[in-house]
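The next block holds one structure in the form of structure tokens; read it before the comments.
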């Protein structure tokens, strides 16, 4: 989807595309909520159709690519650190506000457990009748959910969707070829982001790994995940200040040198952290490994900032970000299936 929307943005601008993207996100969230809330009316498997809204807005790739491009065109490179710090603080504040706002809505959730107890008490007090036994037998022999009906031969909607996806795929492949053929910097950057995404998505097994290795329950694993979020928040808030006050004067005042140093440090922290996590003999050493791994959380943003500083043409920046979004999506798809399959295979042998 990034290719066609990238070409369309050159004609009508980025703001209309970003507006369409936000509308598609809003409609997808509303559709998901309606299907889940009214599950007695809709088949809950209809949530599988939620990604179809990305056809209208382009999905996360278009959102992230256009956002980074718009920021790089509108903000001076010297102000990237301040914007990074400000956006991190705003995200933390917005997260606290949203979490606090959802607390009253939890009180509106139905108490299904109480209803179940009341129904069980009523059934115990009442005598069994032939009608009730017949109802229970019908419930026990109820057929499973039928699959969603989709007539492939006669359904015009199916062929419309497939034709659209085929066209979008061709445009995306052509856009990716253009980016790869543009310069050696673009090829190196896209290949780097592809490898980094494949490596970073090992976190899909971070829930099962400590549970299997150390016998932690799910609540303890999620406590470690919350600890990771705390480390990331602290890093987001302190990294711009460290880069501007400490690293920039020591590196000659060059923003590119600061971004390159943060990129190298984050990459080393990622590698060392993953090794510590995999070879941790105790729970404490595992937590230390998670801490070191999270210290490299600014790798992607620092690398984006460094590459953006090397490009002067706005069209090259836009194409590069679209290519980065595509290879990140491809890398996430490959890495998620690969790491999960490898982890399941190791567990099967163990």
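In the numbering used here, the protein residues as written are 886 to 1235.
Built from N, CA and C at the ideal position, the CB exists for glycine as well.
| Query | Result |
| --- | --- |
| Could you pull the start and end residues of the alpha helix (DSSP H) that residue 906 belongs to? | 899-922 |
| Please tell me whether residue 1123 has its Cβ less than 7 Å away from any Cβ of chain C. | Among the chains of the structure shown, chain C does not appear; only one protein chain is present. |
| Between residue 1189 and residue 1233, what straight-line distance do the alpha-carbon atoms span, to the nearest angstrom? | 39 Å |
| If you draw a straight line from the C-alpha of residue 1214 to the C-alpha of residue 946, how long is it? | 7 Å |
| Check the C-beta distance from residue 910 over to residue 942 and give it rounded, since I have them as a contact under 8 Å. | 6 Å |
| CB-CB under 8 Å to residue 1225, same chain, minus the five flanking residues each way: which ones, in chain order? | 1089, 1090 |
| Return the residue from the list 1126, 1140, 1187 that minimises the CA-CA distance to residue 1149. | 1187 |
| Alpha carbon to alpha carbon, how far is residue 935 from residue 1018? Give it in angstroms, no decimals. | With a pLDDT of only 45 at residue 1018, under the threshold of 50, the placement of this residue in the model should not be trusted, and no figure is reported. |
| Taking the C-alpha atoms as reference points, what is the distance between residue 1104 and residue 1097? | 14 Å |
| Taking only the alpha-carbon atoms, compute the straight-line gap between residue 897 and residue 955 and give it to the nearest angstrom. | 14 Å |
| Whole alpha helix (DSSP H) runs in the region 1097-1174 with 4 or more residues, listed along the chain? | 1103-1127, 1140-1164 |
| By the 10 Å Cβ neighbour count, where 16 or more other Cβ atoms means buried, how is residue 983 classified, buried or exposed? | exposed |
| Which of the three DSSP states, helix, strand or coil, is assigned to residue 1201? | helix |
| Just how far apart, CA to CA, sit residue 1095 and residue 1106? | 7 Å |
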